[in-house]
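For the sequence shown, the working numbering begins at 524 and goes up steadily by one. By construction, the Cβ of each residue, glycine as well, lies at the ideal position given by its N, Cα and C atoms. Following: one structure in C-alpha coordinates, then a few remarks.
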Amino acid sequence: MRRQRAVLVPTLAALGSGIVVAQTRGTSFVEACAAAEGKYEVDTIHPDGKVDTAVFRLEAAVGSLGVAEGRAAFLELPGKLPALKYIGFGVTEAGLAADSQVVRDLSEFLYRAFQAIPDNDLSIINTDNCPSNGDLIESFVLASQWATVTDSAAFRAYLETKVHFHNTMVDRLTTHRKGDVLVPLTEPWPVKAIAIEDLHGVLDAARLRELPGVHVRTNEGEIATDHLLKFCLGNAVNSAMVYLLALSRQRTANQFQEFPVISEYLDALFTPDILPALCANGVAEQEARQLYTEWLARMKHPHFGLDNFWVSQNALLRLYVRLLVSVNTNIAHDESYRPSVFMAYATAIALRFLTPSQCDSKREIPTVFVGQMDPIQNGAPVFSLTEKTWAYDTGLTANLSTGKYEFDDGEGGRVARLLWRASQNVLGASQSSSHAFPSSARAESSSEVSSGVGVAVASVLSTVKGFDLTNDVYASFAADVAALYQRLVSGKQTAMETLSDVLRNHETSEYLGTKEEVA
(Lines of atoms letter the chains of each structure in order from A and count residues from 1; the text may use other names and numbers.)
(Lines give C-alpha, C1' and ligand atoms only; values in the text may rest on other atoms or scores of the structure.)
Protein backbone atom coordinates (compact mmCIF):
# COMPACT_ATOMS: atom_id res chain seq x y z
CA MET A 1 0.00 0.00 0.00
CA ARG A 2 1.60 3.23 -1.17
CA ARG A 3 0.42 5.37 1.74
CA GLN A 4 2.10 3.01 4.18
CA ARG A 5 5.37 3.24 2.25
CA ALA A 6 5.11 7.03 1.73
CA VAL A 7 3.77 8.08 5.15
CA LEU A 8 4.06 5.51 7.94
CA VAL A 9 7.46 4.01 7.12
CA PRO A 10 9.16 7.46 6.82
CA THR A 11 7.53 8.46 10.13
CA LEU A 12 8.70 5.36 11.99
CA ALA A 13 12.14 5.51 10.37
CA ALA A 14 12.50 9.10 11.61
CA LEU A 15 11.97 7.75 15.14
CA GLY A 16 14.90 5.38 14.62
CA SER A 17 12.79 2.26 14.17
CA GLY A 18 13.97 -0.62 12.04
CA ILE A 19 11.47 -1.67 9.37
CA VAL A 20 10.35 -5.18 8.40
CA VAL A 21 7.88 -5.54 5.53
CA ALA A 22 5.46 -8.34 4.71
CA GLN A 23 3.19 -8.13 1.67
CA THR A 24 -0.38 -9.27 2.37
CA ARG A 25 -0.87 -10.69 -1.12
CA GLY A 26 1.21 -10.88 -4.26
CA THR A 27 5.00 -10.86 -4.29
CA SER A 28 5.97 -7.91 -6.51
CA PHE A 29 7.01 -5.44 -3.80
CA VAL A 30 9.02 -7.82 -1.61
CA GLU A 31 10.74 -9.22 -4.69
CA ALA A 32 11.66 -5.68 -5.80
CA CYS A 33 13.03 -4.95 -2.31
CA ALA A 34 15.08 -8.13 -2.38
CA ALA A 35 16.47 -7.25 -5.81
CA ALA A 36 17.42 -3.79 -4.45
CA GLU A 37 19.31 -5.33 -1.53
CA GLY A 38 16.61 -4.57 1.01
CA LYS A 39 15.79 -1.01 -0.08
CA TYR A 40 12.87 0.79 -1.66
CA GLU A 41 12.42 4.33 -2.97
CA VAL A 42 9.83 7.09 -2.58
CA ASP A 43 9.72 10.04 -5.00
CA THR A 44 8.56 13.47 -3.82
CA ILE A 45 7.81 15.93 -6.61
CA HIS A 46 7.91 19.64 -5.79
CA PRO A 47 5.89 22.43 -7.45
CA ASP A 48 8.96 23.46 -9.49
CA GLY A 49 9.17 19.94 -10.93
CA LYS A 50 12.18 18.86 -8.90
CA VAL A 51 12.02 15.25 -7.72
CA ASP A 52 13.64 14.12 -4.48
CA THR A 53 14.09 10.40 -4.07
CA ALA A 54 14.27 9.02 -0.53
CA VAL A 55 15.68 5.54 0.01
CA PHE A 56 14.45 3.42 2.91
CA ARG A 57 16.45 0.42 4.03
CA LEU A 58 14.55 -2.51 5.46
CA GLU A 59 15.74 -4.83 8.18
CA ALA A 60 14.03 -7.57 6.20
CA ALA A 61 11.28 -8.25 3.70
CA VAL A 62 9.90 -11.57 4.88
CA GLY A 63 7.84 -12.22 1.78
CA SER A 64 4.17 -12.53 0.95
CA LEU A 65 1.53 -13.77 3.35
CA GLY A 66 -0.08 -15.35 0.32
CA VAL A 67 2.85 -17.77 0.08
CA ALA A 68 3.31 -20.47 2.72
CA GLU A 69 6.99 -19.71 3.30
CA GLY A 70 6.36 -15.98 3.60
CA ARG A 71 3.51 -16.44 6.03
CA ALA A 72 5.59 -18.79 8.18
CA ALA A 73 8.45 -16.27 8.27
CA PHE A 74 6.01 -13.50 9.21
CA LEU A 75 4.61 -15.49 12.14
CA GLU A 76 8.13 -16.11 13.46
CA LEU A 77 8.87 -12.38 13.76
CA PRO A 78 7.62 -11.82 17.33
CA GLY A 79 10.21 -14.27 18.61
CA LYS A 80 12.96 -12.52 16.62
CA LEU A 81 12.03 -8.90 17.40
CA PRO A 82 12.25 -8.41 21.18
CA ALA A 83 11.86 -4.61 20.82
CA LEU A 84 8.80 -4.79 18.55
CA LYS A 85 6.54 -1.78 19.18
CA TYR A 86 4.76 -0.73 15.98
CA ILE A 87 2.75 -2.82 13.52
CA GLY A 88 1.73 -0.98 10.36
CA PHE A 89 -1.44 -2.37 8.80
CA GLY A 90 -1.79 -1.29 5.18
CA VAL A 91 -5.15 -2.82 4.35
CA THR A 92 -7.96 -0.85 2.72
CA GLU A 93 -11.54 -0.78 3.94
CA ALA A 94 -12.51 -3.16 1.13
CA GLY A 95 -10.09 -5.74 2.56
CA LEU A 96 -11.27 -5.35 6.14
CA ALA A 97 -13.86 -7.94 7.08
CA ALA A 98 -14.49 -10.26 9.98
CA ASP A 99 -12.60 -13.52 9.54
CA SER A 100 -10.90 -12.35 6.34
CA GLN A 101 -7.49 -13.86 5.67
CA VAL A 102 -5.67 -10.68 6.61
CA VAL A 103 -7.53 -10.55 9.95
CA ARG A 104 -6.67 -14.20 10.58
CA ASP A 105 -3.01 -13.46 9.81
CA LEU A 106 -2.93 -10.46 12.15
CA SER A 107 -4.72 -12.36 14.93
CA GLU A 108 -2.29 -15.27 14.79
CA PHE A 109 0.65 -12.84 14.68
CA LEU A 110 -0.62 -11.16 17.85
CA TYR A 111 -1.06 -14.55 19.50
CA ARG A 112 2.58 -15.33 18.72
CA ALA A 113 3.52 -11.94 20.19
CA PHE A 114 1.49 -12.79 23.31
CA GLN A 115 3.60 -15.93 23.68
CA ALA A 116 7.00 -14.40 22.83
CA ILE A 117 6.92 -10.77 24.05
CA PRO A 118 3.92 -10.45 26.40
CA ASP A 119 5.29 -7.35 28.16
CA ASN A 120 5.63 -5.23 25.01
CA ASP A 121 3.06 -2.55 24.32
CA LEU A 122 2.16 -2.95 20.63
CA SER A 123 0.63 -0.20 18.51
CA ILE A 124 -1.42 -1.23 15.46
CA ILE A 125 -1.42 1.70 13.01
CA ASN A 126 -3.64 1.43 9.93
CA THR A 127 -3.01 3.62 6.88
CA ASP A 128 -6.45 3.45 5.29
CA ASN A 129 -9.02 6.17 5.89
CA CYS A 130 -11.85 4.06 7.20
CA PRO A 131 -13.38 5.99 10.13
CA SER A 132 -12.69 4.30 13.49
CA ASN A 133 -10.34 1.94 11.67
CA GLY A 134 -8.52 0.92 14.84
CA ASP A 135 -11.75 0.11 16.67
CA LEU A 136 -12.92 -1.92 13.68
CA ILE A 137 -9.70 -3.95 13.46
CA GLU A 138 -9.82 -4.59 17.21
CA SER A 139 -13.38 -5.90 16.98
CA PHE A 140 -12.36 -8.30 14.22
CA VAL A 141 -9.35 -9.59 16.16
CA LEU A 142 -11.42 -10.09 19.32
CA ALA A 143 -13.89 -12.11 17.25
CA SER A 144 -11.18 -14.28 15.68
CA GLN A 145 -10.67 -17.95 16.54
CA TRP A 146 -7.51 -17.09 18.46
CA ALA A 147 -9.50 -14.90 20.85
CA THR A 148 -12.62 -17.06 21.16
CA VAL A 149 -11.35 -20.57 21.94
CA THR A 150 -12.04 -21.94 25.42
CA ASP A 151 -8.61 -21.07 26.86
CA SER A 152 -8.40 -17.59 25.31
CA ALA A 153 -9.08 -15.49 28.43
CA ALA A 154 -5.41 -14.63 28.96
CA PHE A 155 -4.94 -13.73 25.29
CA ARG A 156 -8.03 -11.51 25.33
CA ALA A 157 -6.73 -9.76 28.43
CA TYR A 158 -3.43 -9.22 26.62
CA LEU A 159 -5.23 -7.73 23.60
CA GLU A 160 -7.20 -5.38 25.80
CA THR A 161 -4.23 -4.15 27.87
CA LYS A 162 -1.05 -4.46 25.79
CA VAL A 163 -2.21 -4.13 22.16
CA HIS A 164 -3.39 -0.68 21.14
CA PHE A 165 -5.49 -0.40 17.99
CA HIS A 166 -5.06 3.27 17.10
CA ASN A 167 -7.67 5.12 15.06
CA THR A 168 -5.87 7.07 12.33
CA MET A 169 -6.34 9.49 9.45
CA VAL A 170 -3.83 9.63 6.58
CA ASP A 171 -3.72 12.40 3.99
CA ARG A 172 -0.71 12.55 1.68
CA LEU A 173 -1.63 12.43 -1.99
CA THR A 174 0.25 9.54 -3.54
CA THR A 175 0.41 7.89 -6.93
CA HIS A 176 3.37 6.08 -8.54
CA ARG A 177 6.48 6.78 -10.55
CA LYS A 178 5.89 6.79 -14.29
CA GLY A 179 6.71 3.35 -15.58
CA ASP A 180 7.06 1.77 -12.14
CA VAL A 181 3.93 1.20 -10.06
CA LEU A 182 6.03 -0.05 -7.13
CA VAL A 183 7.67 3.32 -6.45
CA PRO A 184 5.36 5.81 -4.69
CA LEU A 185 5.27 9.32 -6.18
CA THR A 186 3.93 11.81 -3.68
CA GLU A 187 3.44 15.48 -2.90
CA PRO A 188 5.60 17.32 -0.34
CA TRP A 189 4.54 16.65 3.25
CA PRO A 190 1.26 18.50 3.89
CA VAL A 191 0.47 20.21 7.18
CA LYS A 192 -1.47 17.13 8.29
CA ALA A 193 -0.14 13.95 6.68
CA ILE A 194 -1.16 11.56 9.46
CA ALA A 195 -3.16 11.87 12.66
CA ILE A 196 -2.94 9.07 15.23
CA GLU A 197 -5.29 8.71 18.17
CA ASP A 198 -3.50 7.81 21.42
CA LEU A 199 -5.99 7.98 24.27
CA HIS A 200 -3.85 5.83 26.59
CA GLY A 201 -0.55 7.66 26.10
CA VAL A 202 1.45 4.71 24.78
CA LEU A 203 3.09 6.60 21.91
CA ASP A 204 6.07 8.93 22.16
CA ALA A 205 3.82 11.88 21.37
CA ALA A 206 6.49 14.53 21.96
CA ARG A 207 8.87 13.02 19.41
CA LEU A 208 6.13 12.27 16.91
CA ARG A 209 4.85 15.85 17.04
CA GLU A 210 8.30 17.11 16.13
CA LEU A 211 7.99 15.37 12.74
CA PRO A 212 6.47 17.30 9.81
CA GLY A 213 2.85 16.48 9.13
CA VAL A 214 2.42 14.16 12.15
CA HIS A 215 -0.32 14.83 14.72
CA VAL A 216 -1.07 12.81 17.86
CA ARG A 217 -4.64 13.06 19.18
CA THR A 218 -4.91 12.43 22.91
CA ASN A 219 -8.48 13.61 23.49
CA GLU A 220 -11.67 11.74 22.68
CA GLY A 221 -13.30 12.90 19.45
CA GLU A 222 -10.33 14.75 17.95
CA ILE A 223 -9.66 12.04 15.36
CA ALA A 224 -13.31 12.24 14.29
CA THR A 225 -12.75 15.88 13.39
CA ASP A 226 -9.70 14.89 11.33
CA HIS A 227 -11.83 12.42 9.39
CA LEU A 228 -14.62 14.94 8.98
CA LEU A 229 -12.25 17.47 7.44
CA LYS A 230 -10.67 14.81 5.23
CA PHE A 231 -13.93 13.37 3.87
CA CYS A 232 -16.39 16.26 4.01
CA LEU A 233 -14.02 19.03 2.94
CA GLY A 234 -10.93 17.86 1.06
CA ASN A 235 -12.44 14.78 -0.54
CA ALA A 236 -15.75 16.57 -1.05
CA VAL A 237 -14.03 19.25 -3.13
CA ASN A 238 -12.33 16.54 -5.17
CA SER A 239 -15.57 14.68 -5.84
CA ALA A 240 -17.31 17.91 -6.80
CA MET A 241 -14.88 18.46 -9.67
CA VAL A 242 -13.37 15.15 -10.85
CA TYR A 243 -16.49 13.95 -12.71
CA LEU A 244 -16.74 17.30 -14.47
CA LEU A 245 -13.05 17.17 -15.38
CA ALA A 246 -13.24 13.56 -16.57
CA LEU A 247 -16.25 14.28 -18.78
CA SER A 248 -14.42 17.35 -20.11
CA ARG A 249 -11.48 15.15 -21.23
CA GLN A 250 -9.10 16.28 -18.52
CA ARG A 251 -6.96 13.47 -17.19
CA THR A 252 -5.71 14.85 -13.86
CA ALA A 253 -7.32 16.81 -11.04
CA ASN A 254 -4.75 19.62 -11.03
CA GLN A 255 -6.09 20.73 -14.43
CA PHE A 256 -9.08 22.33 -12.69
CA GLN A 257 -7.04 25.53 -12.34
CA GLU A 258 -7.18 25.96 -16.13
CA PHE A 259 -10.94 26.58 -15.84
CA PRO A 260 -11.85 29.63 -13.70
CA VAL A 261 -15.48 28.51 -13.73
CA ILE A 262 -14.54 25.47 -11.61
CA SER A 263 -12.91 27.56 -8.90
CA GLU A 264 -15.99 29.79 -8.83
CA TYR A 265 -18.19 26.70 -8.56
CA LEU A 266 -16.17 25.20 -5.70
CA ASP A 267 -16.36 28.45 -3.73
CA ALA A 268 -20.11 28.59 -4.35
CA LEU A 269 -20.47 25.02 -3.05
CA PHE A 270 -18.20 25.47 -0.03
CA THR A 271 -19.94 28.47 1.51
CA PRO A 272 -23.62 27.39 1.69
CA ASP A 273 -23.27 23.60 1.89
CA ILE A 274 -19.88 22.31 3.07
CA LEU A 275 -18.92 24.96 5.64
CA PRO A 276 -22.21 24.99 7.61
CA ALA A 277 -22.13 21.19 7.93
CA LEU A 278 -18.59 21.25 9.27
CA CYS A 279 -19.46 23.96 11.78
CA ALA A 280 -22.57 22.05 12.87
CA ASN A 281 -20.28 19.12 13.68
CA GLY A 282 -18.03 21.23 15.87
CA VAL A 283 -15.32 22.36 13.43
CA ALA A 284 -14.20 25.95 13.92
CA GLU A 285 -15.02 28.09 10.89
CA GLN A 286 -11.48 29.49 10.70
CA GLU A 287 -10.00 25.97 10.71
CA ALA A 288 -12.36 24.88 7.93
CA ARG A 289 -11.58 27.92 5.78
CA GLN A 290 -7.85 27.46 6.33
CA LEU A 291 -7.97 23.81 5.29
CA TYR A 292 -10.08 24.65 2.24
CA THR A 293 -7.46 27.16 1.10
CA GLU A 294 -4.64 24.69 1.76
CA TRP A 295 -6.45 21.90 -0.09
CA LEU A 296 -6.98 23.99 -3.21
CA ALA A 297 -3.30 24.96 -3.14
CA ARG A 298 -2.33 21.28 -2.97
CA MET A 299 -4.66 20.48 -5.86
CA LYS A 300 -2.92 23.12 -7.99
CA HIS A 301 0.47 21.37 -7.86
CA PRO A 302 1.53 21.78 -11.52
CA HIS A 303 3.45 18.51 -11.69
CA PHE A 304 1.29 16.27 -9.53
CA GLY A 305 -2.33 15.48 -10.21
CA LEU A 306 -4.38 12.42 -9.36
CA ASP A 307 -6.09 10.62 -12.23
CA ASN A 308 -9.66 11.94 -12.43
CA PHE A 309 -11.02 8.61 -13.60
CA TRP A 310 -9.30 6.73 -10.78
CA VAL A 311 -10.74 9.16 -8.21
CA SER A 312 -14.18 8.86 -9.83
CA GLN A 313 -14.65 5.21 -8.88
CA ASN A 314 -17.42 4.09 -6.49
CA ALA A 315 -19.24 7.27 -7.44
CA LEU A 316 -22.49 6.73 -5.54
CA LEU A 317 -20.75 5.74 -2.30
CA ARG A 318 -18.33 8.66 -2.53
CA LEU A 319 -21.17 11.00 -3.39
CA TYR A 320 -22.73 10.12 -0.04
CA VAL A 321 -19.71 10.04 2.28
CA ARG A 322 -18.16 13.16 0.76
CA LEU A 323 -21.04 15.42 -0.28
CA LEU A 324 -24.57 14.30 0.54
CA VAL A 325 -23.68 13.63 4.16
CA SER A 326 -23.33 17.42 4.46
CA VAL A 327 -26.86 17.80 3.12
CA ASN A 328 -28.09 15.40 5.81
CA THR A 329 -26.22 17.33 8.51
CA ASN A 330 -27.50 20.72 7.39
CA ILE A 331 -31.12 19.58 7.15
CA ALA A 332 -30.90 18.09 10.65
CA HIS A 333 -29.41 21.25 12.18
CA ASP A 334 -31.09 24.08 10.26
CA GLU A 335 -34.79 24.14 9.40
CA SER A 336 -34.21 26.94 6.90
CA TYR A 337 -31.44 25.13 4.99
CA ARG A 338 -32.02 24.28 1.35
CA PRO A 339 -29.25 22.52 -0.63
CA SER A 340 -27.73 24.89 -3.16
CA VAL A 341 -27.99 24.37 -6.89
CA PHE A 342 -24.22 23.77 -6.79
CA MET A 343 -24.72 20.74 -4.55
CA ALA A 344 -27.40 19.63 -7.01
CA TYR A 345 -24.92 20.08 -9.86
CA ALA A 346 -22.23 18.09 -8.00
CA THR A 347 -24.74 15.27 -7.61
CA ALA A 348 -26.02 15.45 -11.18
CA ILE A 349 -22.54 15.40 -12.71
CA ALA A 350 -21.69 12.23 -10.78
CA LEU A 351 -24.84 10.60 -12.18
CA ARG A 352 -23.90 11.80 -15.66
CA PHE A 353 -20.54 10.02 -15.25
CA LEU A 354 -22.43 6.83 -14.32
CA THR A 355 -24.55 6.99 -17.48
CA PRO A 356 -23.53 4.45 -20.16
CA SER A 357 -23.34 5.40 -23.81
CA GLN A 358 -24.50 1.94 -24.87
CA CYS A 359 -27.16 -0.31 -23.42
CA ASP A 360 -25.06 -3.37 -22.67
CA SER A 361 -22.11 -3.74 -20.36
CA LYS A 362 -18.83 -5.30 -21.41
CA ARG A 363 -19.67 -8.93 -22.07
CA GLU A 364 -16.74 -10.34 -20.13
CA ILE A 365 -17.53 -8.19 -17.08
CA PRO A 366 -21.30 -7.59 -16.75
CA THR A 367 -20.90 -4.78 -14.19
CA VAL A 368 -18.49 -2.71 -16.32
CA PHE A 369 -20.05 -0.18 -18.71
CA VAL A 370 -18.78 2.23 -21.37
CA GLY A 371 -19.39 5.96 -20.97
CA GLN A 372 -18.82 8.85 -23.36
CA MET A 373 -17.07 12.12 -22.52
CA ASP A 374 -18.40 15.42 -23.80
CA PRO A 375 -17.51 16.44 -27.37
CA ILE A 376 -14.42 18.58 -27.88
CA GLN A 377 -15.30 22.28 -27.88
CA ASN A 378 -13.55 25.31 -29.33
CA GLY A 379 -10.59 26.18 -27.16
CA ALA A 380 -10.29 22.67 -25.77
CA PRO A 381 -6.98 20.81 -26.13
CA VAL A 382 -6.50 19.04 -29.44
CA PHE A 383 -6.01 15.35 -28.82
CA SER A 384 -3.96 13.19 -31.11
CA LEU A 385 -5.90 10.61 -33.06
CA THR A 386 -3.37 8.13 -31.75
CA GLU A 387 -3.95 9.12 -28.12
CA LYS A 388 -3.31 5.97 -26.15
CA THR A 389 -5.88 4.19 -24.07
CA TRP A 390 -4.69 3.80 -20.49
CA ALA A 391 -5.85 1.60 -17.63
CA TYR A 392 -6.75 3.82 -14.69
CA ASP A 393 -7.53 0.76 -12.57
CA THR A 394 -7.63 -2.99 -13.05
CA GLY A 395 -9.99 -3.75 -15.93
CA LEU A 396 -11.01 -0.11 -16.46
CA THR A 397 -9.68 2.07 -19.30
CA ALA A 398 -10.14 5.56 -20.72
CA ASN A 399 -9.10 7.41 -23.89
CA LEU A 400 -9.22 11.20 -24.22
CA SER A 401 -9.17 11.08 -28.02
CA THR A 402 -12.17 8.79 -28.52
CA GLY A 403 -13.82 10.10 -25.38
CA LYS A 404 -14.69 6.60 -24.23
CA TYR A 405 -14.18 5.39 -20.68
CA GLU A 406 -15.12 2.25 -18.81
CA PHE A 407 -16.63 2.32 -15.35
CA ASP A 408 -18.15 0.11 -12.69
CA ASP A 409 -21.11 1.79 -10.99
CA GLY A 410 -20.35 -0.05 -7.74
CA GLU A 411 -24.01 -1.09 -7.54
CA GLY A 412 -23.94 -4.28 -9.59
CA GLY A 413 -25.05 -2.41 -12.71
CA ARG A 414 -28.42 -1.33 -11.26
CA VAL A 415 -27.70 2.41 -11.33
CA ALA A 416 -26.03 2.38 -14.76
CA ARG A 417 -28.96 0.55 -16.39
CA LEU A 418 -31.51 2.82 -14.74
CA LEU A 419 -29.70 5.94 -15.92
CA TRP A 420 -29.21 4.47 -19.40
CA ARG A 421 -32.96 4.16 -19.88
CA ALA A 422 -33.64 7.67 -18.57
CA SER A 423 -30.89 9.23 -20.72
CA GLN A 424 -32.16 7.57 -23.88
CA ASN A 425 -35.60 9.08 -23.37
CA VAL A 426 -34.01 12.51 -22.95
CA LEU A 427 -31.86 12.09 -26.06
CA GLY A 428 -34.88 10.98 -28.06
CA ALA A 429 -36.81 14.06 -27.01
CA SER A 430 -33.83 16.33 -27.72
CA GLN A 431 -33.27 14.93 -31.20
CA SER A 432 -36.92 15.39 -32.10
CA SER A 433 -36.77 19.07 -31.16
CA SER A 434 -34.79 21.77 -32.89
CA HIS A 435 -35.11 24.20 -29.98
CA ALA A 436 -31.92 25.45 -28.42
CA PHE A 437 -31.71 26.37 -24.76
CA PRO A 438 -33.38 29.71 -24.07
CA SER A 439 -31.53 32.37 -22.17
CA SER A 440 -32.61 30.83 -18.86
CA ALA A 441 -30.81 27.67 -20.03
CA ARG A 442 -33.69 25.40 -19.04
CA ALA A 443 -33.93 22.20 -21.10
CA GLU A 444 -37.08 21.95 -23.23
CA SER A 445 -38.66 18.49 -23.22
CA SER A 446 -42.00 16.84 -22.67
CA SER A 447 -43.38 16.64 -19.17
CA GLU A 448 -43.47 12.87 -19.57
CA VAL A 449 -39.73 12.68 -20.22
CA SER A 450 -39.03 15.08 -17.37
CA SER A 451 -41.17 13.00 -15.05
CA GLY A 452 -39.32 9.84 -16.10
CA VAL A 453 -35.97 11.45 -15.38
CA GLY A 454 -37.25 12.61 -12.01
CA VAL A 455 -38.36 9.10 -11.12
CA ALA A 456 -35.00 7.60 -12.18
CA VAL A 457 -32.94 10.14 -10.25
CA ALA A 458 -35.16 9.84 -7.19
CA SER A 459 -34.81 6.06 -7.36
CA VAL A 460 -31.02 6.35 -7.34
CA LEU A 461 -30.90 8.93 -4.56
CA SER A 462 -33.41 7.06 -2.39
CA THR A 463 -30.79 4.36 -1.82
CA VAL A 464 -28.40 6.90 -0.29
CA LYS A 465 -28.30 6.78 3.50
CA GLY A 466 -30.61 9.35 5.08
CA PHE A 467 -32.11 10.56 1.78
CA ASP A 468 -35.80 10.85 2.68
CA LEU A 469 -38.03 11.70 -0.27
CA THR A 470 -41.02 12.14 2.04
CA ASN A 471 -39.25 15.26 3.31
CA ASP A 472 -40.00 18.23 1.05
CA VAL A 473 -36.42 19.50 1.26
CA TYR A 474 -35.01 16.23 -0.07
CA ALA A 475 -37.75 15.96 -2.68
CA SER A 476 -37.08 19.48 -3.97
CA PHE A 477 -33.35 18.78 -4.04
CA ALA A 478 -33.93 15.55 -6.00
CA ALA A 479 -35.96 17.57 -8.51
CA ASP A 480 -33.11 20.05 -8.92
CA VAL A 481 -30.70 17.16 -9.49
CA ALA A 482 -33.07 15.64 -12.04
CA ALA A 483 -33.41 18.91 -13.97
CA LEU A 484 -29.64 19.35 -14.14
CA TYR A 485 -29.07 15.70 -15.01
CA GLN A 486 -31.59 16.02 -17.84
CA ARG A 487 -29.63 18.93 -19.27
CA LEU A 488 -26.32 17.09 -18.90
CA VAL A 489 -27.50 14.07 -20.91
CA SER A 490 -29.53 15.99 -23.51
CA GLY A 491 -26.56 16.47 -25.85
CA LYS A 492 -27.30 20.18 -26.20
CA GLN A 493 -24.61 21.43 -23.83
CA THR A 494 -21.37 20.16 -22.40
CA ALA A 495 -21.07 19.76 -18.64
CA MET A 496 -18.80 22.81 -18.51
CA GLU A 497 -21.31 24.93 -20.44
CA THR A 498 -24.11 23.83 -18.15
CA LEU A 499 -22.03 24.80 -15.12
CA SER A 500 -21.36 28.23 -16.62
CA ASP A 501 -25.09 28.76 -17.14
CA VAL A 502 -25.88 27.66 -13.59
CA LEU A 503 -23.32 30.08 -12.17
CA ARG A 504 -24.66 32.89 -14.32
CA ASN A 505 -28.36 32.25 -13.68
CA HIS A 506 -28.57 30.31 -10.43
CA GLU A 507 -30.71 32.95 -8.72
CA THR A 508 -33.28 33.05 -11.52
CA SER A 509 -33.12 29.70 -13.36
CA GLU A 510 -36.12 27.41 -13.10
CA TYR A 511 -35.73 23.71 -12.43
CA LEU A 512 -37.99 20.73 -11.90
CA GLY A 513 -38.98 21.99 -8.49
CA THR A 514 -42.08 20.18 -7.26
CA LYS A 515 -42.31 17.08 -5.15
CA GLU A 516 -44.89 15.56 -7.50
CA GLU A 517 -42.52 15.52 -10.48
CA VAL A 518 -40.10 13.16 -8.73
CA ALA A 519 -42.72 11.09 -6.93
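With a threshold of 16 other beta carbon atoms within 10 Å, L846 meets it and is buried. Counted as a single uninterrupted DSSP element, the alpha helix (DSSP H) harbouring R635 occupies residues Q624 to A639. Assigned with DSSP and collapsed to three states, A718 falls in strand. As for any beta strand (DSSP E) of minimum length 3 sitting wholly inside the stretch 833-918, the runs are 891-895 and 913-916, ordered along the chain. In the structure shown, S646 falls within a strand segment according to DSSP collapsed to helix, strand and coil. Two segments are said to touch when three or more pairs of C-beta atoms, one from each, lie closer than 8 Å; by this definition the stretch 853-873 touches the stretch 1018-1032. For Q546, there is no enclosing alpha helix (DSSP H); the residue is found in the beta strand (DSSP E) stretching over V543 to Q546. A straight line joining the alpha-carbon of G894 with that of S786 spans about 26 Å. Pairwise C-beta distances place the stretch 942-953 in contact with the stretch 1002-1016, as three or more of them are shorter than 8 Å.
Contact check for A670 and A621: beta-carbon distance about 12 Å, past the 8 Å limit, so the pair fails to qualify.
Check the Cα spacing between G602 and each of A639, L633 and L581: the tightest is with A639.
A distance below 6 Å between beta-carbons, with the five flanking residues on each side excluded, links F612 to the following residues of its chain, in chain order: I647 and N649. One thing to note: N758 has its Cβ no nearer than 7 Å to the Cβ of M822.
Short of 7 Å from the beta carbon of S587, and not among the five residues preceding or following it, lie these beta carbons of its own chain, in chain order: Q546, R548, G549, T550, V553 and G593. With fewer than 16 other Cβ atoms inside 10 Å of its own Cβ, A558 counts as exposed.
Apart from sequence neighbours up to five positions away, the residues of its chain that approach H699 with a beta-carbon distance below 8 Å are R525, L705, V706, P707 and L708, ordered along the chain.
Taken atom to atom, the span from the alpha-carbon of S762 to that of F793 is near 13 Å. Taken through DSSP and simplified to helix, strand or coil, S662 comes out as helix. From the listed residues G618, L604 and Q624, the smallest Cα separation to V590 is found for Q624. The residue from Y868, P711, A529 and P795 with its alpha-carbon nearest to that of F827 is P711.
Here DSSP, grouped into helix, strand and coil, assigns P605 to coil. Contact annotation: the stretch 625-639 touches the stretch 668-684, with at least three C-beta pairs closer than 8 Å. Rounded to whole angstroms, the Cβ separation of A1018 and S835 is 13 Å, and the two are not in contact under 8 Å. R732 is classed as exposed because its beta carbon has fewer than 16 other beta carbons within 10 Å across all chains shown.
Spanning the alpha carbons of T775 and L768 requires a straight line of approximately 8 Å.
According to DSSP, A577 shares a beta bridge with V565.
Between the alpha carbons of G702 and V686 lies a distance of about 40 Å. For T816, the enclosing alpha helix (DSSP H) starts and ends at E808 to M822. Distance from the CA atom of M764 to the CA atom of F779, rounded to whole angstroms, is 8 Å. The beta carbon of V784 lies closer than 8 Å to those of M1019, L1022, S1023 and L1026 in the same chain, with the five residues before and after it left out.
Boundaries of the alpha helix (DSSP H) harbouring E1020: A1018 to N1028, taken from the DSSP string.
The stretch 713-724 makes no contact with the stretch 565-573: fewer than 3 CB pairs, one atom from each, lie closer than 8 Å.
Exclusion of the five residues before and after V938 leaves L839, L877, D932 and V983 as the residues of its chain whose Cβ lies within less than 7 Å of its Cβ.
Of D897, E934 and V891, the smallest CA-CA separation from L919 is found for V891. When the Cα atoms are used, S859 and L751 turn out to be separated by approximately 23 Å. In the structure shown, the three-state DSSP call for K685 is helix.
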